[in-house]
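J.: Okay, handing you the structure first.
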Amino acid sequence: MQIYLFWGEDDFSLTQAVDTLRQKVIDPNWASFNYDKILPDQGDAVISALNQAMTPPFGAGSRFVWLADTPITQQCSQELFAELERTLPVIPSTTVLLLTTRNKPDSRLKSTKFLLKSAEVREFSPIPPWKTEELAKRVRQVAEGRGVKLTPAAIALLAECVGNDTRQLNSELDKLELYAGNSNQPLGDEAIAALVRSNTQNSLQLAAAIRQGNTAQALQLVAELIGHNEPALKIVATLTTQFRIWLWVKLGTQAGEPDEKIAQAAEISNPKRIYFFRQEVKSLTVEKLQQTLPLLLELESSLKRGAQEVSTLQTKVIELCTLFY
């Protein structure tokens, strides 16, 4: 019995892991017979997946059944749970059953508890943008895995440019790999600066423009980000992270807390960065910073409800800038 549960919002990394697992277990000559992807809009998707999982593979290799975007770890009827309980323990060893979902499994559900005991669980959540050391570590690991040699300065700059966007990281590494050619010398930060598009940096510049009440610059940065196809929700996530950090730093500074404690509260891995954040919020008030978070939450909610991206972003950015005139 080989059962896997992959979950998380990092769609690119999750999809890569699915492809790797599928290629590992399926004989390519029998793939059309032994691979089933079952979507949630198919009637009785879970039952269909369980039935397919019980079917022996044709020819060589194993059968691979992928129950994609399943809501079973968020809601599950008693009847469906009974079917899971009955079927999972007897799935043949020649079948690999994979369940995927973007949402964190609800550990209170019987179905989730049962799957956590029965399956190998892997999380694919994006690294928080403020965890710079983890982002740099991820860049180093992926680059090494692909044979792209980078200096420490190049790793740090690439991590700053792509943030937690694994799709962009892989795309930029494709470009850097071609640029490096057969050279054995590691690429430096000057190559990164010349070749890599930095949307995350522009989002941080947008946060700085809002903090300074510079509406014209903020709107220009919004236009540039959208022009570079930066997802609006990712822009909002970066803004929310940045204003959250500034708020924690301001609160900690007013309370006389040491840098280490402020860094812990703000989830900043390097306490030495607190000095620079202190300078950025020196002229701001806690009240103004607090007002930004509900506005950013409203913006996120509007975008998730399908609001027009450009006009919604522009309107909210103007509203945010007015807080800091």
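Positions 702 to 1026 (our numbering) are the ones given, in order, by the sequence shown. In this text, a Cβ means the ideal position worked out from N, Cα and C, and glycines have one as well. On a predicted model such as this, the values are computed, not experimentally measured, just so you know.
1) Keeping to the same chain, check which residues put their C-beta closer than 6 Å to that of Thr941; ignore five residues upstream and five downstream.
2) Could you compute how far the alpha carbon of Pro995 sits from the alpha carbon of Ala964?
3) Go ahead and pull the three-state DSSP assignment for Glu931.
4) So, helix, strand or coil for Phe734, using DSSP?
5) Would you tell me roughly how many angstroms separate the C-alpha atoms of Asp960 and Thr954, rounded to the nearest one?
6) Starting from Leu816, trace the alpha helix (DSSP H) in both directions and tell me its first and last residue.
7) Measuring only the C-alpha atoms, how far is Gln992 from Gln943?
8) My guess is that Leu896 and Ala855 are in contact by the Cβ rule of under 8 Å, so how many angstroms apart are they, rounded?
9) Going by Cα to Cα distance, which pick from Asp866, Asn865, Leu836 is closest to Ala857?
10) Just tell me which of Ser819, Gln869, Asn883 has its CA closest to the CA of His929.
11) Does the Cβ of Trp762 have 16 or more other Cβ atoms within 10 Å, making it buried, or fewer, making it exposed?
12) Cβ atoms of Leu874 and Val843: under 8 Å apart, would you say?
13) Pick helix, strand or coil for Phe944, following the three-state DSSP scheme.
14) So, for Leu768: in the same chain, excluding its five sequence neighbours on each side, which residues have a beta-carbon less than 8 Å away from its beta-carbon?
15) Note down, in chain order, each residue of its chain lying with its Cβ closer than 7 Å to the Cβ of Ile1019, except the 5 sequence neighbours on either side.
16) On the DSSP bridge list, what partners appear for Leu896?
17) Does Ile773 come out as helix, strand or coil in the three-state DSSP assignment?
18) How is Arg974 classed by DSSP in three states: helix, strand or coil?
19) I believe Ile936 touches Leu926 by the beta-carbon criterion, under 8 Å. Please report the beta-carbon distance rounded to the nearest angstrom.
20) Starting from Phe759, follow the beta strand (DSSP E) in both directions and report where the run begins and ends.
21) Using 8 Å as the cut-off, can you tell me whether the stretch 702–709 makes contact with the stretch 821–831, which would need three or more C-beta pairs spanning the two stretches below that distance?
22) Would you decide whether Phe977 is buried or exposed? Buried here means 16 or more other CB atoms lie within 10 Å of its CB.
23) Could you name the residues that DSSP lists as bridge partners for Val766?
24) How would you label Thr939, buried or exposed, when you count the other beta carbons within 10 angstroms and need 16 or more for buried?
25) Quick check for students: name the residue ranges of the alpha helix (DSSP H) that lie wholly in the stretch 984–1011, counting only runs of 4 or more.
26) Whole angstroms are fine: how far does the CA of Val791 sit from the CA of Met755?
27) Given a cut-off of 8 Å on the beta-carbon distance, is the pair Leu985 and Arg912 in contact?
28) Rounding to the nearest angstrom, what Cα-Cα distance links Phe1025 and Gly848 in this structure?
29) Using a Cβ-Cβ cut-off of 7 Å (strictly less than) and excluding sequence neighbours within five positions of Val1011, which residues of its own chain qualify?
30) Name, in chain order, the residues that DSSP records as bridge partners for Leu1014.
31) What residue range is occupied by the uninterrupted alpha helix (DSSP H) comprising Gln703?
32) On the DSSP bridge list, what partners appear for Arg847?
33) Is it right to say Leu934 is buried, meaning 16 or more other beta carbons lie within 10 angstroms of its own, or is it exposed?
34) Going by C-alpha to C-alpha distance, which of Ile946, Glu988, Lys983 sits closest to Pro972?
T.: Based on what the coordinates show:
1) One-based indexing of the sequence shown puts residue 941 at position 240. Hits under 6 Å: Leu997.
2) For this step, residue 995 is matched to residue 294 along the sequence shown. For this step, residue 964 is matched to residue 263 along the sequence shown. Approximately 23 Å between the Cα atoms of the pair.
3) Position 230 of the sequence shown, counting from 1, holds the residue named residue 931. Coil.
4) As a working note, residue 734 is residue 33 in the sequence shown. Helix.
5) The residue you call residue 960 lines up with position 259 of the sequence shown. The residue you call residue 954 lines up with position 253 of the sequence shown. Going by the C-alpha atoms only, they are around 8 Å apart.
6) The residue labelled residue 816 in the question sits at position 115 within the sequence shown. 811–819 is the span of the alpha helix (DSSP H), which, as asked, contains Leu816.
7) Counted from its first residue, the sequence shown places residue 992 at position 291. Counted from its first residue, the sequence shown places residue 943 at position 242. Distance between the alpha carbons of Gln992 and Gln943: 14 Å.
8) Your numbering for residue 896 matches position 195 in the sequence shown. Your numbering for residue 855 matches position 154 in the sequence shown. That belief does not hold up - the Cβ atoms of Leu896 and Ala855 are roughly 10 Å apart, past 8 Å.
9) What you label residue 857 is simply residue 156 of the sequence shown in a count that begins at 1. The option with the nearest alpha carbon to Ala857 is Leu836.
10) Taking the sequence shown and counting its residues from 1, one reaches residue 929 at position 228. The option with the nearest alpha carbon to His929 is Gln869.
11) Counted from its first residue, the sequence shown places residue 762 at position 61. Here the sequence assigns Gly to residue 762, which means Trp is not the residue at that position. Gly762 is buried by the Cβ-count criterion.
12) The sequence position of residue 843 within the sequence shown is 142, counting from 1. The sequence position of residue 874 within the sequence shown is 173, counting from 1. Yes, they are a contact pair.
13) Residue numbering aside, residue 944 sits at position 243 when the sequence shown is read from its first letter. Residue state, collapsed to three classes: helix.
14) For the purposes of this step, residue 768 is taken as residue 67 along the sequence shown, with counting starting at 1. Cβ within range, chain order: Ile739, Ala746, Val747, Ala750, Leu798, Leu799, Leu800, Thr801.
15) Start at 1 with the first residue of the sequence shown, and residue 1019 comes out as number 318. Taken in chain order, the residues that qualify are Thr916.
16) In the sequence shown, the residue the question calls residue 896 occupies position 195. Paired residue(s): none; Leu896 is not in a bridge.
17) By 1-based counting over the sequence shown, the position of residue 773 is 72. Of the three classes helix, strand and coil, the one that applies to Ile773 here is coil, per DSSP.
18) As a working note, residue 974 is residue 273 in the sequence shown. Three-state DSSP puts Arg974 in a helix.
19) The count along the sequence shown starts at 1 and reaches residue 936 at position 235. The count along the sequence shown starts at 1 and reaches residue 926 at position 225. Sure, about 6 Å apart at Cβ, within 8 Å.
20) Translated into positions along the sequence shown, residue 759 becomes position 58. Counting along the chain, Phe759 falls outside any beta strand (DSSP E), and DSSP gives it neither H nor E.
21) yes
22) Indexing the sequence shown from 1 puts residue 977 at position 276. Label assigned to Phe977: exposed.
23) As a position in the sequence shown, residue 766 is number 65, starting the count at 1. Paired residues: Asp737, Leu798.
24) If you number the sequence shown from 1, residue 939 lands on position 238. Burial call: buried.
25) 987–1005
26) For the purposes of this step, residue 755 is taken as residue 54 along the sequence shown, with counting starting at 1. For the purposes of this step, residue 791 is taken as residue 90 along the sequence shown, with counting starting at 1. Near 8 Å, if we compare the C-alpha coordinates of Val791 and Met755.
27) For the purposes of this step, residue 985 is taken as the residue at position 284 of the sequence shown. For the purposes of this step, residue 912 is taken as the residue at position 211 of the sequence shown. In contact: Leu985 and Arg912 (Cβ atoms closer than 8 Å).
28) Working through the sequence shown from its first residue, we reach residue 1025 at position 324. Working through the sequence shown from its first residue, we reach residue 848 at position 147. For Phe1025 and Gly848, the distance between alpha carbons rounds to 46 Å.
29) Within the sequence shown, numbered from 1, the residue matching residue 1011 stands at position 310. Contacts found: Ile927.
30) To locate residue 1014, count along the sequence shown from 1; it is residue 313. According to DSSP, which records beta bridges pairwise, Leu1014 is partnered with nothing at all.
31) The sequence position of residue 703 within the sequence shown is 2, counting from 1. Looking at the DSSP string, Gln703 is not in any alpha helix (DSSP H); the run it does join, the beta strand (DSSP E), is 703–708.
32) The sequence position of residue 847 within the sequence shown is 146, counting from 1. DSSP lists no partner for Arg847.
33) Your numbering for residue 934 matches position 233 in the sequence shown. Flag for Leu934 reads exposed.
34) Along the sequence shown, one-based indexing puts residue 972 at 271. The candidate whose alpha carbon is nearest that of Pro972 is Ile946.
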